[in-house]
Amino acid sequence: MDGILETLRTVVVDRSRDIPDDDFRLRSLWGVDYRSQPTAYERFMVYSFVMAQTVRQGCCYADFGSVRLGEPSDGIIGKDARLVRGETPEQDIAILDAAFGALPRSPGNVVTIDGAPDVKALARAETVVGETMRLLARTGGRRVAQIGVMGNLIHYLLREDVEITASDFEPDLIEHGILGVPVTSGEHSAQLVAESDVALVCGETLASRTLEELVEAAAEHNTRLVVFAVTGCHFAEEYCRTFGVDTVVAEPQPQYLFQGPSALEIYRKDALGQSPNGKH
Numbered sequence: 045m046d047g048i049l050e051t052l053r054t055v056v057v058d059r060s061r062d063i064p065d066d067d068f069r070l071r072s073l074w075g076v077d078y079r080s081q082p083t084a085y086e087r088f089m090v091y092s093f094v095m096a097q098t099v100r101q102g103c104c105y106a107d108f109g110s111v112r113l114g115e116p117s118d119g120i121i122g123k124d125a126r127l128v129r130g131e132t133p134e135q136d137i138a139i140l141d142a143a144f145g146a147l148p149r150s151p152g153n154v155v156t157i158d159g160a161p162d163v164k165a166l167a168r169a170e171t172v173v174g175e176t177m178r179l180l181a182r183t184g185g186r187r188v189a190q191i192g193v194m195g196n197l198i199h200y201l202l203r204e205d206v207e208i209t210a211s212d213f214e215p216d217l218i219e220h221g222i223l224g225v226p227v228t229s230g231e232h233s234a235q236l237v238a239e240s241d242v243a244l245v246c247g248e249t250l251a252s253r254t255l256e257e258l259v260e261a262a263a264e265h266n267t268r269l270v271v272f273a274v275t276g277c278h279f280a281e282e283y284c285r286t287f288g289v290d291t292v293v294a295e296p297q298p299q300y301l302f303q304g305p306s307a308l309e310i311y312r313k314d315a316l317g318q319s320p321n322g323k324h
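FYI, the numbering for the sequence shown is 45 to 324, going by my numbering.
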């Protein structure tokens, strides 16, 4: 994780030279604890997330109850989000994500989803799996690894003619699986990526300090890589451009949990004019 984040810190400074400094002023921090089961296909989720705001919001999911915005956080409000650090790695990610939110970006496609949270949850899952299947068709294979398990993604993958493997760090998922799909420990995620044709990875792997090894495993073993990013959503274009991720589906705030329309931004490495990275 440190390697990716440090590279991103360098990138945001370089790309922001012609943008007013005030756009990068850290205006707000939020810490949110929540319990939710948006659809019957999803597990009962007990999580927290931290949001940071410049001209847009950055986000990072965290273990439940781990987001504590105490008085030390007061000292960084009003400072430059490109430079400051939070009290936790999750705050660091959210703040850097908010800094990237002030940069111009050019998604290859934008999908708007609307309706109640359950409707939006399924619509975004269908979109993400659609991008996964697009890449899978290019490989001629059938093996899909779902890293950082989301029940709605598994639901749509089960509709396809694919072989599914899955991993997560949640003990209940490892013990019981989800929707009939076994779930292995997140410690084996890189191995699952190496053994798949396409890996569908949730952006929270950045916070769990596993994303970097998953990117490396994909490059080494000719695995196509899709990242679904709510955590670090504004890193999406750089994931493709700098780290060789094939496709990123990013969900900026307001995410599906909130009322009103939400936007899914789709970035594809091949649309950025990039040559394949490693064996991709």
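We treat Cβ as the ideally placed atom computed from N, Cα and C, and that holds for glycine.
- Item | Segments of 4+ residues assigned as alpha helix (DSSP H) that fall wholly inside the stretch 222 to 247 | 233 to 238
- Are there 16 or more other CB atoms within 10 angstroms of the CB of VAL289, so buried, or fewer, so exposed? The residue you call residue 289 lines up with position 245 of the sequence shown. Buried.
- Query: Ends of the beta strand (DSSP E) at ASP77?
  - Reply: As a working mapping, residue 77 is identified with position 33 in the sequence shown. Per DSSP, ASP77 belongs to the beta strand (DSSP E) from 72 to 80.
- Can the beta-carbon of ILE120 be found closer than 9 Å to that of ARG129? Locating residue 120 in the sequence shown gives position 76, where the first residue counts as 1. Locating residue 129 in the sequence shown gives position 85, where the first residue counts as 1. Closer than 9 Å, so yes.
- Query: For LYS323, does the three-state DSSP call read helix, strand or coil?
  - Reply: Walking along the sequence shown from the start, residue 323 turns up at place 279. At LYS323, the pLDDT of 35 sits below 50, so the modelled position is not reliable and the matter cannot be decided from this model.
- If we ignore side chains and look at the alpha-carbon of each, how far apart do GLN97 and ALA146 end up? Against the sequence shown, residue 97 aligns to sequence position 53. Against the sequence shown, residue 146 aligns to sequence position 102. Cα to Cα, GLN97 sits roughly 10 Å from ALA146.
- Residue(s) in a DSSP beta bridge with THR291: As a position in the sequence shown, residue 291 is number 247, starting the count at 1. According to DSSP, which records beta bridges pairwise, THR291 is partnered with VAL270 and ARG312.
- Item | Rounded separation between VAL155 and VAL172 - CA only | Position 111 of the sequence shown, counted from the first residue, corresponds to residue 155. Position 128 of the sequence shown, counted from the first residue, corresponds to residue 172. If I take the Cα positions, the gap works out to 11 Å.
- Query: To which residues of the same chain is VAL206 closer than 6 Å at the C-beta, ignoring the five residues directly before and after it?
  - Reply: Residue numbering aside, residue 206 sits at position 162 when the sequence shown is read from its first letter. For VAL206, the CB contacts under 6 Å within the same chain, skipping 5 residues up- and downstream, are ARG186 and VAL188 in chain order.
- Message: Contact defined as beta carbons within less than 8 Å: I believe ILE137 pairs with GLY230. What is the distance between those atoms, to the nearest angstrom?
- Response: Residue numbering aside, residue 137 sits at position 93 when the sequence shown is read from its first letter. Residue numbering aside, residue 230 sits at position 186 when the sequence shown is read from its first letter. About 18 Å separates the two Cβ atoms, so there is no contact after all.
- Task: Tell whether a beta-carbon distance below 9 Å holds between THR286 and VAL270.
- Result: On the sequence shown, position 242 is the one that residue 286 refers to. On the sequence shown, position 226 is the one that residue 270 refers to. No, the pair does not count as a contact, with Cβ atoms beyond the cut-off.
- Task: Measure the C-alpha to C-alpha separation of LYS323 and ALA263 and round it to an integer number of angstroms.
- Result: Counting from one through the sequence shown, the residue named residue 323 turns up at place 279. Counting from one through the sequence shown, the residue named residue 263 turns up at place 219. Reliability fails at LYS323, whose pLDDT of 35 lies under 50, so the model's placement of it is uncertain and the value that follows must be treated cautiously. When rounded, the distance between both Cα atoms is 6 Å.
- Query: Per DSSP, ALA307 is paired with what?
  - Reply: Along the sequence shown, read from residue 1 onward, the residue named residue 307 stands at position 263. Per DSSP, THR156.
- List the endpoints of the continuous beta strand (DSSP E) containing THR209. Taking the first residue of the sequence shown as position 1, residue 209 is located at position 165. Note, THR209: beta strand (DSSP E), 207 to 212.
- Task: May I have the straight-line CA-CA distance separating SER319 from LYS313, to the nearest angstrom?
- Result: The residue you call residue 319 lines up with position 275 of the sequence shown. The residue you call residue 313 lines up with position 269 of the sequence shown. Note that SER319 has pLDDT 37, beneath the 50 cutoff, so the model's placement of it is unreliable and the number below is only indicative. Computed Cα separation, rounded: 8 Å.
- Query: Can you name, in chain order, every residue of its own chain whose Cβ lies under 6 Å from the Cβ of ALA238, other than the five neighbours on each side?
  - Reply: Locating residue 238 in the sequence shown gives position 194, where the first residue counts as 1. The residues are ALA261 and HIS265.
- Task: With DSSP as the reference, label TYR91 as helix, strand or coil.
- Result: Mapped onto the sequence shown, residue 91 falls at position 47. Residue state, collapsed to three classes: strand.
- Task: Whole angstroms is fine: what's the gap from VAL245's alpha carbon to ARG87's?
- Result: As a working mapping, residue 245 is identified with position 201 in the sequence shown. As a working mapping, residue 87 is identified with position 43 in the sequence shown. Between VAL245 and ARG87, the C-alpha separation is close to 17 Å.
- Query: Identify the residues that DSSP records as bridge partners of ILE191: which are they?
  - Reply: The residue given as residue 191 occupies position 147 in the sequence shown. SER211 and VAL245, per the DSSP bridge assignment.
- Task: Hey, could you find the ends of the alpha helix (DSSP H) ASP136 is sitting in?
- Result: In the sequence shown, the residue the question calls residue 136 occupies position 92. Note, ASP136: alpha helix (DSSP H), 133 to 145.
- Among THR209, ARG178 and ASP158, which one has its Cα closest to the Cα of LEU308? As a working note, residue 308 is residue 264 in the sequence shown. Cα-wise, what sits closest to LEU308 is ASP158.
- Message: Quick check: the Cα distance between CYS104 and GLU248, rounded to an integer number of angstroms?
- Response: For this step, residue 104 is matched to residue 60 along the sequence shown. For this step, residue 248 is matched to residue 204 along the sequence shown. For the pair CYS104 and GLU248, the Cα-to-Cα distance works out to about 7 Å.
- Query: Near THR176, which residues of its chain fall below 6 Å by C-beta distance, leaving aside the five closest residues on each side in sequence?
  - Reply: The residue labelled residue 176 in the question sits at position 132 within the sequence shown. Counting only Cβ-Cβ distances below 6 Å, and skipping sequence neighbours, we find VAL242, LEU244 and VAL270.
- Item | Range covered by the beta strand (DSSP E) that runs through ASP107 | To locate residue 107, count along the sequence shown from 1; it is residue 63. ASP107 -> beta strand (DSSP E) spans 101 to 107.
- Task: May I ask you to report which of helix, strand or coil DSSP gives ARG182?
- Result: Within the sequence shown, residue 182 is the residue found at index 138, counting from 1. Of the three classes helix, strand and coil, the one that applies to ARG182 here is helix, per DSSP.
- Which residues share a DSSP beta bridge with ARG149? Taking the first residue of the sequence shown as 1, we reach residue 149 at position 105. Its beta-bridge partners do not exist; DSSP assigns none.
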